[in-house]
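Participant: Sharing a structure here in C-alpha coordinates format.
In my numbering, the protein residues as written are 18 to 156.
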(Lines of atoms letter the chains of each structure in order from A and count residues from 1; the text may use other names and numbers.)
(Lines give C-alpha, C1' and ligand atoms only; values in the text may rest on other atoms or scores of the structure.)
Protein backbone atom coordinates (compact mmCIF):
# COMPACT_ATOMS: atom_id res chain seq x y z
CA UNK A 1 0.00 0.00 0.00
CA UNK A 2 1.23 3.57 -0.55
CA UNK A 3 3.06 5.27 2.29
CA UNK A 4 1.00 8.07 3.73
CA UNK A 5 2.43 11.11 5.46
CA UNK A 6 1.04 9.79 8.74
CA UNK A 7 3.23 6.69 8.42
CA UNK A 8 6.25 8.53 7.06
CA UNK A 9 8.21 9.14 10.27
CA UNK A 10 7.65 5.68 11.76
CA UNK A 11 8.53 3.92 8.54
CA UNK A 12 11.58 6.14 8.00
CA UNK A 13 12.89 5.48 11.51
CA UNK A 14 12.34 1.73 11.13
CA UNK A 15 14.16 1.67 7.77
CA UNK A 16 17.09 3.59 9.24
CA UNK A 17 17.22 1.22 12.21
CA UNK A 18 17.21 -1.82 9.87
CA UNK A 19 20.13 -0.36 7.95
CA UNK A 20 21.98 0.47 11.18
CA UNK A 21 21.45 -3.09 12.39
CA UNK A 22 23.27 -4.40 9.31
CA UNK A 23 26.39 -2.81 10.79
CA UNK A 24 28.01 -2.30 7.42
CA UNK A 25 30.21 0.50 6.13
CA UNK A 26 28.53 0.25 2.73
CA UNK A 27 26.27 3.20 1.92
CA UNK A 28 22.62 2.13 1.86
CA UNK A 29 19.80 4.10 0.29
CA UNK A 30 16.22 4.70 1.33
CA UNK A 31 13.71 5.29 -1.46
CA UNK A 32 11.15 8.00 -0.75
CA UNK A 33 8.51 9.99 -2.51
CA UNK A 34 8.68 13.77 -2.57
CA UNK A 35 9.99 15.22 0.68
CA UNK A 36 8.87 18.77 -0.14
CA UNK A 37 5.76 18.72 2.06
CA UNK A 38 5.62 20.16 5.55
CA UNK A 39 3.69 18.75 8.47
CA UNK A 40 3.01 19.62 12.09
CA UNK A 41 4.31 16.82 14.29
CA UNK A 42 3.73 16.43 18.03
CA UNK A 43 5.27 13.90 20.38
CA UNK A 44 2.65 11.49 21.71
CA UNK A 45 3.82 12.29 25.24
CA UNK A 46 3.12 15.99 24.65
CA UNK A 47 -0.25 15.19 23.09
CA UNK A 48 -1.28 13.11 26.09
CA UNK A 49 -0.16 15.86 28.49
CA UNK A 50 -2.17 18.40 26.49
CA UNK A 51 -5.26 16.19 26.77
CA UNK A 52 -4.74 15.87 30.51
CA UNK A 53 -4.49 19.66 30.79
CA UNK A 54 -7.78 20.03 28.94
CA UNK A 55 -9.51 17.41 31.08
CA UNK A 56 -8.30 19.05 34.29
CA UNK A 57 -9.99 22.33 33.40
CA UNK A 58 -13.02 20.57 31.92
CA UNK A 59 -12.47 22.47 28.71
CA UNK A 60 -15.21 22.64 26.13
CA UNK A 61 -14.75 23.53 22.51
CA UNK A 62 -12.31 22.63 19.80
CA UNK A 63 -8.58 22.41 20.40
CA UNK A 64 -5.80 21.41 18.04
CA UNK A 65 -3.30 19.03 19.61
CA UNK A 66 -0.18 19.89 17.67
CA UNK A 67 3.18 21.60 17.96
CA UNK A 68 2.09 24.68 16.05
CA UNK A 69 5.26 24.40 13.95
CA UNK A 70 5.70 22.95 10.49
CA UNK A 71 8.60 20.70 9.60
CA UNK A 72 9.83 19.86 6.12
CA UNK A 73 9.81 16.10 5.55
CA UNK A 74 13.28 16.30 3.97
CA UNK A 75 14.64 17.92 7.16
CA UNK A 76 13.11 15.15 9.25
CA UNK A 77 14.73 12.50 7.07
CA UNK A 78 18.11 14.24 7.28
CA UNK A 79 17.88 14.58 11.07
CA UNK A 80 17.04 10.88 11.42
CA UNK A 81 19.96 9.88 9.21
CA UNK A 82 22.35 12.13 11.14
CA UNK A 83 21.13 10.67 14.45
CA UNK A 84 21.81 7.16 13.17
CA UNK A 85 25.53 7.90 12.62
CA UNK A 86 25.43 5.65 9.52
CA UNK A 87 26.04 6.31 5.85
CA UNK A 88 22.52 6.36 4.47
CA UNK A 89 21.45 8.06 1.29
CA UNK A 90 18.04 9.27 0.22
CA UNK A 91 16.71 8.53 -3.25
CA UNK A 92 13.85 10.99 -3.50
CA UNK A 93 11.32 10.56 -6.28
CA UNK A 94 10.00 14.12 -6.49
CA UNK A 95 7.31 13.04 -8.96
CA UNK A 96 5.65 10.75 -6.40
CA UNK A 97 3.57 12.68 -3.90
CA UNK A 98 2.00 10.69 -1.09
CA UNK A 99 -0.50 13.45 -0.38
CA UNK A 100 -1.93 16.34 -2.38
CA UNK A 101 -1.53 18.52 0.72
CA UNK A 102 1.91 20.14 0.63
CA UNK A 103 1.68 22.26 3.77
CA UNK A 104 0.05 21.56 7.10
CA UNK A 105 0.47 23.43 10.36
CA UNK A 106 -2.15 23.80 13.06
CA UNK A 107 -3.11 26.77 15.20
CA UNK A 108 -2.61 25.88 18.87
CA UNK A 109 -3.43 29.32 20.27
CA UNK A 110 -6.69 28.15 21.92
CA UNK A 111 -4.87 25.32 23.68
CA UNK A 112 -2.09 27.62 24.89
CA UNK A 113 -4.53 30.32 26.02
CA UNK A 114 -6.78 27.99 28.02
CA UNK A 115 -4.20 25.68 29.63
CA UNK A 116 -0.77 25.79 31.18
CA UNK A 117 0.38 23.13 28.71
CA UNK A 118 3.59 23.69 26.77
CA UNK A 119 5.57 21.29 24.62
CA UNK A 120 8.24 19.36 26.49
CA UNK A 121 9.76 17.43 23.58
CA UNK A 122 11.39 18.92 20.52
CA UNK A 123 11.13 17.14 17.20
CA UNK A 124 14.76 16.08 17.59
CA UNK A 125 13.98 14.62 21.06
CA UNK A 126 11.12 12.62 19.57
CA UNK A 127 13.15 11.36 16.62
CA UNK A 128 16.04 10.41 18.93
CA UNK A 129 13.74 8.42 21.20
CA UNK A 130 12.01 6.74 18.25
CA UNK A 131 15.35 5.73 16.75
CA UNK A 132 16.64 4.41 20.09
CA UNK A 133 13.49 2.32 20.48
CA UNK A 134 13.76 0.96 16.92
CA UNK A 135 17.43 0.07 17.47
CA UNK A 136 16.55 -2.01 20.54
CA UNK A 137 15.47 -4.77 18.15
CA UNK A 138 19.09 -5.05 16.93
CA UNK A 139 20.48 -5.94 20.29
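No residue lacks a Cβ here, since even glycine has one placed at the ideal position from N, Cα and C.
Who are residue 88's beta bridge partners in DSSP?
Facilitator: For this step, residue 88 is matched to residue 71 along the chain shown. Answer is 56.
Participant: Could you check whether the Cβ of residue 68 sits closer than 6 Å to any heavy atom belonging to the ligand ATP?
Facilitator: This structure simply doesn't include the ligand ATP, nor any ligand for that matter.
Participant: In three-state DSSP terms, what is residue 49?
Facilitator: By 1-based counting over the chain shown, the position of residue 49 is 32. Note: residue 49 maps to strand in three-state DSSP.
Participant: So, do the stretch 124-132 and the stretch 90-109 have three or more beta carbon pairs nearer to each other than 8 Å?
Facilitator: The stretch 124-132, when compared against the stretch 90-109, does not touch it at the 8 Å Cβ threshold.
Participant: Expressed to the nearest angstrom, what Euclidean distance is found between the alpha-carbon atoms of residue 64 and residue 81?
Facilitator: The residue given as residue 64 occupies position 47 in the chain shown. The residue given as residue 81 occupies position 64 in the chain shown. Distance between the alpha carbons of residue 64 and residue 81: 10 Å.
Participant: Measure the C-alpha to C-alpha separation of residue 69 and residue 24 and round it to an integer number of angstroms.
Facilitator: Looking up residue 69 in the chain shown gives position 52. Looking up residue 24 in the chain shown gives position 7. For residue 69 and residue 24, the distance between alpha carbons rounds to 25 Å.
Participant: At 3 residues or longer, and completely inside the stretch 67-125: list those beta strand (DSSP E) runs for me, N to C.
Facilitator: With a minimum length of 3 residues, the continuous beta strand (DSSP E) runs that stay inside the stretch 67-125 are 105-109.
Participant: Can you have a look at residue 84 and say buried or exposed, based on whether 16 or more other CB atoms are within 10 angstroms of its CB?
Facilitator: Reading the chain shown from its first residue, position 67 is the one you call residue 84. It is buried - the Cβ of residue 84 has at least 16 other Cβ atoms within 10 Å.
Participant: Can you have a look at residue 99 and say buried or exposed, based on whether 16 or more other CB atoms are within 10 angstroms of its CB?
Facilitator: Along the chain shown, read from residue 1 onward, the residue named residue 99 stands at position 82. Exposed, since its Cβ has fewer than 16 Cβ neighbours within 10 Å.
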